[in-house]
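Presented below is the structure to which this report refers.
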Amino acid sequence: MTDGVITAVAALLPQHLGVIARTTAMHYKGSRKDVERIGRELSLDYVVEGGVRRTEGRITINVQLIQVKDQTQLFARKYDAEMRDVFKVQDCIAQAIATHIPPLAATLPARTADTAEQARNPTQDIVAYNLYLQGRFRMYRDVASAKSYFEQALARDPHFALAYDGLAEYYFWAGHSV
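Residues in the sequence shown are numbered consecutively from 1390, following this note's numbering.
Take a look at the structure:
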């Protein structure tokens, strides 16, 4: 679940920020390295950390934005919502992060209703989204098992671009592990 939310939030930000690749970020998942060291190793100005918990149709996401140079916490918030509202929460998180980075806040372009809606709702099928998240979860543990989750998500919603992205990433990694 966490990997899926990270992926979705990062997808909303690259137009404004230089976001490191998800695969690079995953190398630090579970690491005991502090923010300053990670920031130095990757030449980062800011780090976003957090966690996701899902229980009985609800999702809780904790997010912190940290300025690396002095480890100042610029933003922290806990989001608690029904699972069906996960796309709205992801959009809120991305917007909050962007507006709390001083050099970026003044340059944010206005989002059109169409682009905001697309970012908030990559699919109307929450089951397809959960299948996609399961595929993402499996990508970092057992790449071979991820494929069927992406395919199931696409069977439910053939217009679900994130599931195509996951399937493409599966084929990339599967080709490299042969």
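Note that CB positions come from ideal geometry on N, CA and C, so glycine has one too.
Beta-ladder partner(s) of residue i, from DSSP
i: Glu1471; result: Arg1447
i: Phe1464; result: Leu1454
i: Arg1421; result: Answer by DSSP bridge pairing: none, since Arg1421 is not bridged.
i: Glu1438; result: Gln1453
Neighbourhood of residue i by C-beta, 8 Å cutoff - its chain only, sequence neighbours within 5 removed
i: Phe1464; result: Val1452, Gln1453, Leu1454, Ala1485, Ile1486, His1489
i: Thr1413; result: Leu1431
i: Val1437; result: Val1398, Val1452, Gln1453, Leu1454, Ile1455, Ile1486
i: Trp1562; result: Met1528, Val1532
i: Leu1433; result: Ile1409, Ile1427, Val1457
Rounded C-alpha distance that separates residue i from residue j
i: Glu1558; j: His1416; result: 17 Å
i: Gly1564; j: Ala1517; result: 25 Å
i: Ala1502; j: Ala1550; result: In this prediction, Ala1502 scores a pLDDT of 46, lower than 50, which makes its location untrustworthy; the coordinate-derived value is nonetheless stated afterwards. Roughly 19 Å separates the two Cα atoms.
i: Arg1525; j: Thr1461; result: 31 Å
Pick from the options that is closest to residue i, judged by C-alpha positions
i: Thr1444; options: Glu1471, Glu1425, Val1408, Ala1544; result: Glu1471
i: Arg1411; options: Phe1476, Val1424, Met1528; result: Met1528
i: Thr1512; options: Leu1556, Lys1467, Ala1535, Ala1542; result: Ala1542
Beta-carbon proximity list for residue i, same chain, < 6 Å, skipping 5 on both sides
i: Ala1505; result: Because the pLDDT at Ala1505 is just 47, under 50, the model does not fix this residue reliably, and the value given afterwards should be weighed accordingly. So no residue of the chain qualifies.
Own chain residues within Cβ distance below 7 Å of residue i, not counting five before or after
i: Gly1428; result: Val1436, Val1457
Which parts of the segment 1521-1552 are runs of the beta strand (DSSP E), unbroken and 3 residues or longer, counting only runs that do not cross its ends?
Within the segment 1521-1552, no run of beta strand (DSSP E) reaches 3 residues while sitting entirely inside it.
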